[in-house]
């Protein structure tokens, strides 16, 4: 057991959460529990908004999974991962002001509120709720596994006990804190990640004897590691380009990101978030994946890719510092899980229960139900994560693609195309989800691209075709 590292790791995480909880206990600004618990009363400033998007998005798969794949694939994967730099920029530009104005007009606090008001259709709401619950489950399982792997590598506990420790901490925190506690801790984690990845990259380069030395080692081991095409030449141009959609533009459709785009305070915060977000994501993504590649000569022969990151930190940094640096990804995984938990529980409580089962439920009852469902979900995901795959990144990318196939057109066309109606939205969601799952199961790389591209195109055709061919009565707004 590496005590120095373990103590600083858990100490830093505890401190981060303590700050988040104290902040969220300060008197709540808005009268509504739902607005406050799920949206932080729409009062995020620019710095906090940028950091919360970074920390929610840059989660286990970019911190634990990404470097693991880069370790196996070489510099080609670094090139592919940098497509994420523009993510925050795209999201805020496409949704941005229009989305915030419309959701305020509809008094929407979740993505499904917006879809419900825009399309006035029960079926759209239920389809959205089902796809959020199904796909976010696999995304959450990926996060739990990442947290478990990290604690396992650092403390030497067995994977199952590490996972258990991780799950308990997250559940306590998120059940009592809600959205505001989440976004504040995100701002702190985003800052630690930014500094931590820089420190770690520098330490790795020094340990490897400088960049030219590391490159020479990589070339000697396998010349493909330093080409854009991956260690066995499988990263073709169409495949890499399809990631522009999967982790670039398509991220607009992720409910956990969309909800961030409705929670900023004013235009100034919005513009500030655009700049800070792009820079921070760029630095973190590039550094993380470079560390993965550069770790190869220093620690050859790591079997489980997801353990590269924590092991290399313990190798090149003094143990107490490794603990602090790894506290950031651990906290980021927690923040991703807690945003995902809040989204799934708000989907069940607010979008299905309050909207359709019991609109007049009392505040007390809603509070109890929100907390209960959040806890129950956490336990279910824990059971899923007990037997993990070797690389969580594929699990995470599967979930991201599924959500994009379901939501991208109902959101984007719903904002910008007046003729889009509920038939188009329903058709687009069904076609997107079903084609995505079929491609993933039987034909994972149509036209050498990630399945998400084909599904999104089919969903677009369905949206436009059905909206034009089946008219809906004009909506009352």
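Residue numbers (our numbering): 12 to 488.
Just so it is clear, CB atoms sit at the ideal spot from N, CA and C, and this is done for glycine as well.
A distance below 8 Å between beta-carbons, with the five flanking residues on each side excluded, links residue 243 to the following residues of its chain, in chain order: 235. Annotated as distal: residue 320 and residue 208, with beta-carbon spacing of 8 Å or more. Of the candidates 109, 161, 135 and 77, the residue whose Cα lies closest to the Cα of residue 342 is 161. If you compare the alpha carbons of 354, 418 and 306 with that of residue 84, the shortest gap goes to 306.
With a beta-carbon spacing of about 4 Å, residue 416 and residue 443 fall inside the 8 Å limit used to define contacts. With distances taken between CA atoms, residue 420 lies nearest to 474 out of 90, 316 and 474. Boundaries of the alpha helix (DSSP H) around residue 130: 122-130.
Across the structure, residue 75 and residue 318 are spaced so that their CA atoms are roughly 7 Å apart. Taking a contact to require three or more Cβ pairs closer than 8 Å, the segment 85-94 and the segment 390-398 do not qualify as touching. Residue 356 and residue 414 have their C-alpha atoms some 17 Å from each other.
Rounded to whole angstroms, residue 407 and residue 255 show a C-alpha spacing of 16 Å. Per DSSP, residue 238 is not a residue of any alpha helix (DSSP H), being assigned neither H nor E. Within the model, the alpha-carbon separation for residue 102 versus residue 268 is close to 8 Å.
Boundaries of the alpha helix (DSSP H) harbouring residue 289: 278-309, taken from the DSSP string.
In the three-state scheme derived from DSSP, where H, G and I count as helix and E and B as strand, residue 100 is classed as helix. The beta carbon of residue 296 lies closer than 8 Å to those of 69, 73, 77, 92, 93, 95 and 96 in the same chain, with the five residues before and after it left out. With fewer than 16 other Cβ atoms from the protein chains shown falling within 10 Å of its own Cβ, residue 452 counts as exposed. Residue 389 is positioned such that its CB atom lies closer than 8 Å to that of residue 182. Looking at 330, 349 and 264, the one whose alpha-carbon comes closest to that of residue 440 is 264.
Taking C-beta atoms under 8 Å as the contact rule, residue 280 and residue 60 qualify, at a distance of about 6 Å. Residue 165 sits buried, since 16 or more C-beta atoms from the chains shown fall within 10 Å of its C-beta.
When secondary structure is reduced to three states using DSSP, residue 275 falls in the strand class. Between residue 465 and residue 446, the beta carbon gap of about 7 Å places them in contact (Cβ cut-off 8 Å). The beta carbon of residue 149 sits closer than 7 Å to the beta carbons of 406, 409 and 410 from its chain, once the five residues preceding and following it are set aside; these are given in chain order.
In the DSSP annotation of this structure, the continuous segment of the alpha helix (DSSP H) that includes residue 407 starts and ends at 403-427.
With respect to the 8 Å criterion, residue 402 and residue 79 are classified as neighbours on the basis of their beta carbons. Using a Cβ-Cβ distance cut-off of 8 Å, the segment 332-341 and the segment 199-215 are in contact, since at least three pairs of beta carbons, one from each stretch, lie closer than that value. Contact between residue 151 and residue 353 is absent: CB atoms are separated by about 11 Å, not below the 8 Å threshold.
Across the structure, residue 106 and residue 333 are spaced so that their CA atoms are roughly 38 Å apart.
With a 10 Å radius around the Cβ and a threshold of 16 neighbouring Cβ atoms, residue 233 comes out exposed. By the criterion of a C-beta distance shorter than 7 Å, residue 176 is surrounded in its chain by 162, once the five residues flanking it on both sides are discounted. The distance from the Cβ of residue 383 to that of residue 65 is about 31 Å, inconsistent with a contact at the 8 Å cut-off.
The closest CA to that of residue 88, considering only 400, 303 and 223, is found on 303. If you look at residue 140, you'll find it in the alpha helix (DSSP H) that goes 133-166. Membership of residue 327 in the alpha helix (DSSP H) is indicated by the continuous run 319-327. Going by beta carbons, residue 308 and residue 219 fall inside the 8 Å limit.
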